[in-house]
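Enquirer: From first to last, the protein sequence lines stand for chains A and B. Numbering-wise (our numbering), the first sequence opens with residue 82 and increments by one. Numbering-wise (our numbering), the second sequence opens with residue 5 and increments by one. I'd like to ask some things about the structure below.
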Amino acid sequence: MSAILPFASTEARTNYLNVDYGWKSWLFTTDHKRIALLYLFSITAFFFVGGAFAVGMRLNLLTPEGLFSHDTYNKLFTMHGIIMVFFFLVPSIPATLGNFLVPLMIGARDLAFPRINLLSWYIYIAGGIIALTAIVRGGVDTGWTFYAPFSATYSNTHVILAALGIFVGGFSSILTGLNFIVTIHKMRAPGMTWGRLPLFIWGHYATSLIQVLGTPVIAITMVLLLLERVLHAGLFDPSVGGDPVLFQHLFWFYSHPAVYIMILPGMAVISELVTCFSRKAIFGYNFVAISSIAIAVLGFLVWGHHLFVAGQSMYASMAFSFLSFLVAVPSAIKVFNWTATMYKGSVSFETPMLYAFGFIGLFTIGGLTGLFLATMAIDVHVTDTYFVIAHFHYVMVGGMVMAYLGGIHFWFPKITGRMYPEGWAKFAALVVFAGFNLTFFPQFILGYQGMPRRYAHYPPEFQVLNVMSTAGASILAIGYLIPMIYLTWAWRKGPVAPQNPWNAKGLEWEQAPSPPPKYNFEHPPVVTEPAYNYSGEEQEVKSGG
Amino acid sequence: MADSETIVAPHPRELQHHFDDSAQQLESSTLGMWVFLVTEVMFFGGMFGGYTVYRDLYPAAFASTSHFMNVTIGAINTGVLICSSFTMVLAVRSAQLGQKKAIIAFLVLTLLLGCVFLTLKGVEYHEKWVEHHIPGPGFQYADARYAHQAQILFFLYFAMTGMHAIHMIVGVGLLTVLIVMAGRNRFSGAWYTPVEMIGLYWHFVDIIWIFLFPLLYLIGHTQ
């Protein structure tokens, strides 16, 4: 009944963390909150594995002659890409924050299929172990894109294991998406209409659509690659009539939408952070909600912009170029609406909001440079250069990882029942921002000047910018390690968090204790107001824009 | 935990704790199954896309390889699968009516038809083995003009029918589970969701074959 509980100590109340103990209660749990934590820990581990490969690459690029052999360097960037894309970025926000929050935000007791949710984690772990086996046995050198015929015929590294790991791991993504779609359709609390859904839910709904429609295609692509590598029938080998560009089409049919799997949940988090710390309803709810769906739909129609120089028909390239420009529109709508939400809001600068500011700025740079790449003439100049690297790291790291860290901080009190140390957290956020820009901004210049990606050596005139980039990467690494330390500390020793430390709107804050009990709510929630009703007005959901 | 259970009124055994009522649970299962089938469409869609590209590139080679497809077995198998879809529908109907013996009978019939299909498929694969039409080092093709292209087409043939056969094997396993469950009296007129869901899956796998048969066996066959 009481929306704001008095300060109750975490230990006094039964919650999902202390309801039972022991490894069985974790490894066989079907509670979406515990599965979210299982994902959180495993994904963090993969993040540091992938990060270690990045450290290796940046060390190598400190000097023009390089530190490692060409073969080693090829393996470093390949394993960095595979781990970061398939085992960190794709599951990061949906499988952790999404898993934890989707039922809480819509007022459900769990996801629609709790056992399938647990299964998805085991599949993720299985896929991850297979990929790690590929690493331990010597790695892969094809690049994370596995372009044929090199991957199918000529590479003598562990392509089969890596592709198998991606094939297996993909099913965890499919099952998570399926679970979210059904949950959002069928499990909403009374009064939680589509027009009242938090934008976090809209973002995850759009993400789930892509996961469900795209991931099966990468699965079959990996199957065909595996079969071709075993049989050498020539499916992707041009010397015997196979079509290597077909592989690229199949690969990017998933892998371009997959970048929206990676960024849409980040946008979903930012909508929550910006409204809460501006104390204002989102500007243009319908536009932000529908723009997520628009990104998901248009995202499936732009993959050909990866093939501008691959021998694709010029007319196809023109269509793909146009559509790539089009997908920038819904992304821009989001940025404009976040900005408009802050306008005349009571903006405060807690750590999650700092990450939100970081996201908006860096995503805008990443997005705008994406338009350079969608322009065919410019793309020809910068294809396979560091310009591309800088572009997608601004979106993936500057965007997604910022949103992930912002979200982790924002919901940390809800997840753990403890507060994190605000001073350290703000410091770390600034270190991450500074380190990130120092790492990746020089790469825009390097790419524009013509430094190609995926080479272990480079001409001496590029050294200054490369040294700057490596220095930035060291700062960035420290920026990631600091939260690891203080969040771990705060989990055990931090001050006990109240139910709603941010005075935020949303069922997870207003009606669920911190941490929530096993079935989320002590009383079945009923929703009577639109999302982000920070003004406290009694109002009906507007039907127009 | 204790107080959250009081929320849920006394409920049927099959109703899971996180659903409000059986109707919500059934709707969720049905939507979940349809979404899963959409993922399957995309999975096979990748191969159908590859098929389309190569058929466009090498129409003559396609016509040539289709002469080596065993249309008789393919046609029989098509009939077998259509019949199995029919018996599956009857099993679902019996479940709705709560007729336990009829459920088991029709499920067993569906299972047997599925096994007939797989057996005939095995015979076909064996023929291909004997004729050296399995892609790989041992591949041989009579018409030298199409030696390379034919190997790609047989690769697609095996990938597509092989994936379909794997789905059939999974379906046979699921049917076995259903038969055991029906034998233990788990289904009633009020709750038979697994029969209906696996029915949907079975029909989907049949429909895939309905597309595979003309595309792989019949196109170009008369040329």
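Positions of the beta carbon are idealized from the N, C-alpha and C atoms, including for glycine.
1) Please say whether N237/A and F194/A have beta carbons closer to each other than 8 Å?
2) Select from the region 38-61 of chain B all residues with a C-beta closer than 9 Å to any C-beta belonging to chain A, and list them in chain order.
3) What residues in the region 322-353 of chain A have a beta carbon less than 7 Å from any beta carbon of chain B?
4) Taking the continuous alpha helix (DSSP H) assigned at K104/B, which residues delimit it?
5) Which residues, in chain order, does the region 134-148 of chain B contribute to contact with chain A at a C-beta distance below 9 Å?
6) Going by other Cβ atoms of all chains shown within 10 Å of its Cβ, with 16 needed for buried, is F389/A buried or exposed?
7) Let me check one thing: in DSSP terms, what residues is S192/B bridge-paired to?
8) Going along the chain, which residues of its own chain have a beta-carbon closer than 6 Å to the beta-carbon of D465/A, five neighbours each way excluded?
9) Please state whether the Cβ-Cβ distance between I108/B and I183/B is less than 8 Å.
10) Could you round the C-beta distance between G250/A and G209/A to whole angstroms and report it? I think they count as a contact, below 8 Å.
11) Can you pull the chain B neighbours of V298/A, defined as C-beta to C-beta under 8 Å?
12) For the region 234-317 of chain A, list the alpha helix (DSSP H) runs that are entirely contained and at least 4 residues long, ordered along the chain.
13) Is the separation between the beta-carbon of R139/A and that of S550/A shorter than 8 Å?
14) Could you tell me which of R59/B, D24/B and R17/B sits nearest to L219/B, measuring between CA atoms?
15) Around the C-beta of K114/A, are 16 or more other C-beta atoms found within 10 angstroms, so that it is buried, or is it exposed?
16) From the DSSP output, which residues share a beta bridge with T464/A?
17) Between D191/A and chain B, is there a C-beta pair that is closer than 8 Å?
18) Within the chosen definition, does the region 310-329 of chain A reach the region 157-166 of chain B through at least 3 CB pairs nearer than 8 Å?
19) Quick check on the burial criterion: 16 or more other C-beta atoms within 10 angstroms. Buried or exposed for A148/B?
20) Starting from the beta carbon of A163/B, find every residue of chain A whose beta carbon is closer than 8 Å, and list them in chain order.
21) Strictly below 7 Å CB to CB, what residues from chain A border E31/B?
22) What are the start and end residues of the alpha helix (DSSP H) that includes Q231/B?
23) Cα separation between P175/A and P346/A?
24) Taking 8 Å as the threshold, find out whether the region 152-172 of chain A comes into contact with the region 110-127 of chain A through three or more Cβ pairs.
25) Check the Cβ of I77/B against every Cβ in chain A and list those closer than 8 Å, keeping chain order.
26) Would L101/B be called buried (16 or more neighbouring beta carbons within 10 Å of its own) or exposed?
27) Across which residues does DSSP place P533/A in a beta bridge pair?
28) Among S372/A, G295/A and M434/A, whose alpha-carbon lies nearest the alpha-carbon of A585/A?
29) List, in order along the chain, the chain B residues whose C-beta lies closer than 8 Å to that of A314/A?
30) Tell me, please, which residues DSSP counts as bridged to R499/A.
31) Report the option in F109/A, F438/A, G498/A and M457/A whose CA atom is closest to the CA atom of M483/A.
32) Mind checking if P596/A is an interface residue toward chain B, Cβ cutoff 8 Å exclusive?
33) Below 8 Å on the Cβ atoms is my contact criterion, and I expect L178/A with V350/A to pass it. Report the Cβ-Cβ distance as a whole number of Å.
34) Is the CB of H130/B under 8 Å away from at least one CB in chain A?
35) When you compare the CB of G36/B with every CB in chain A, is at least one pair closer than 8 Å?
36) When burial is assigned at 16 or more other CB atoms within 10 Å of the CB, is M46/B buried or exposed?
Expert: Here's the rundown:
1) no
2) V39, F40, V42, T43, E44, V45, M46, F47, F48, G49, G50, M51, G53, G54, V57, Y58 and L61
3) Here the close residues are G322, G323, D324, L327 and L331.
4) K104 to V134
5) I138, P139, G140, P141 and F143
6) buried
7) W195/B
8) The residues are P533 and R534.
9) yes
10) 6 Å
11) M46, F47, G49 and G50
12) 240-267 and 280-312
13) yes
14) R59/B
15) buried
16) None, per the DSSP bridge assignment.
17) yes
18) The region 310-329 of chain A makes contact with the region 157-166 of chain B: 3 or more CB pairs, one atom from each, lie closer than 8 Å.
19) exposed
20) V304, L305 and L308
21) Think of a sphere of 7 Å around the beta carbon of E31/B: the chain A residues whose beta carbon falls inside it are K267, in chain order.
22) Nothing about residue 231/B can be read from this structure; chain B reaches only from 5 to 227.
23) The alpha-carbon atoms of P175/A and P346/A are separated by roughly 6 Å.
24) yes
25) Those within 8 Å of I77/B in chain A number zero; the least Cβ separation is about 23 Å.
26) exposed
27) T466/A
28) M434/A
29) P139, G140, F143, Q155, I156, F158 and F159
30) V577/A
31) F438/A
32) Answer no: the Cβ-Cβ gap between P596/A and chain B never drops below 8 Å.
33) Yes, they are in contact, since the Cβ atoms of L178/A and V350/A sit about 7 Å apart, within 8 Å.
34) no
35) yes
36) buried
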